[in-house]
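In this note's numbering, the protein residues as written are 236 to 415.
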Ligand SMILES: [Zn+2]
């Protein structure tokens, strides 16, 4: 009897949570992190960016990493390392995506072990650098473990990419909550 009651409660909560209302930041995955410490993430440039230091995609990825650090009050920091397995790169495919981020997790802990973030030079061929900045900062947000948001957020897939290109309050709240 008690068990049946519990099931009923679960169904009700699920119904509420899946109602079509705006939702704030979400976490897809977490990096291993110690409370109170800065989350340190390494990266290296992928094969399409390692030889082009002045390229726009390197610029927007670099800006994006600095934005996540600054906006979160140094809660996260990225540093370049030739031995890093995290990769920042571009790709060229008419797949409808402006960028993409692949993430790997530990088989046992479920925590993040690696990410690869890409800007799509095909679908962003005619856009502004501000637009590309928004894409890069968004993909880096995925690299930090964030999922999507329906709020005013760089992690909102429906944002105006020419206006929202740095982490917003909702994005920062996500990072501060995930990595206190
Ligand atoms: Zn996304």
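Idealized CB from N, CA, C, for every residue including glycine.
Handout entry: DSSP-derived helix/strand/coil call for residue 207
Key = Since the displayed the chain opens at 236 and closes at 415, residue 207 lies outside it and no answer follows.
Practice task
Within 10 angstroms of the Cβ of residue 341, are there 16 or more other Cβ atoms? Answer buried if so, exposed if not.
Solution key: exposed
Handout entry: Residues near residue 287 by beta carbon distance below 8 Å, same chain, minus five either side
Key = 293
Exercise for the section: Put residue 322 into one of helix, strand or coil per three-state DSSP. Expected result: strand
Problem - Assigned secondary structure, residue 412 (DSSP; H/G/I helix, E/B strand, else coil) - result: helix
Problem - For residue 415 and residue 382, the rounded distance between their alpha carbons - result: 17 Å
Problem - Three-way DSSP call (helix, strand, coil) for residue 407 in this model - result: helix
Problem - Counterpart residues of residue 339 in DSSP-defined beta bridges - result: 349
Handout entry: For residue 275, the first and last residue of its enclosing beta strand (DSSP E)
Key = 274-280
Exercise for the section: Quick one: using the 10 Å Cβ neighbour count with 16 as the cut-off for buried, is residue 372 buried or exposed? Expected result: buried
Practice task
Could you check what DSSP says for residue 314 in three-state terms: helix, strand or coil?
Solution key: strand
Exercise for the section: Determine the direct distance from the alpha carbon of residue 259 to that of residue 404, and round the result to whole angstroms. Expected result: 10 Å
Exercise for the section: Along the alpha helix (DSSP H) that carries residue 292, what are the first and last residues, could you check? Expected result: 291-306
Practice task
Look at the Cβ atom of residue 273, then the Cβ atom of residue 312, and state whether they are nearer than 7 Å.
Solution key: yes
Exercise for the section: Excluding the 5 residues preceding and the 5 following residue 262 in the sequence, name in chain order all residues of the same chain whose CB lies nearer than 7 Å to its CB. Expected result: 380, 381, 382, 409, 413
Problem - Rounded separation between residue 321 and residue 351 - CA only - result: 6 Å
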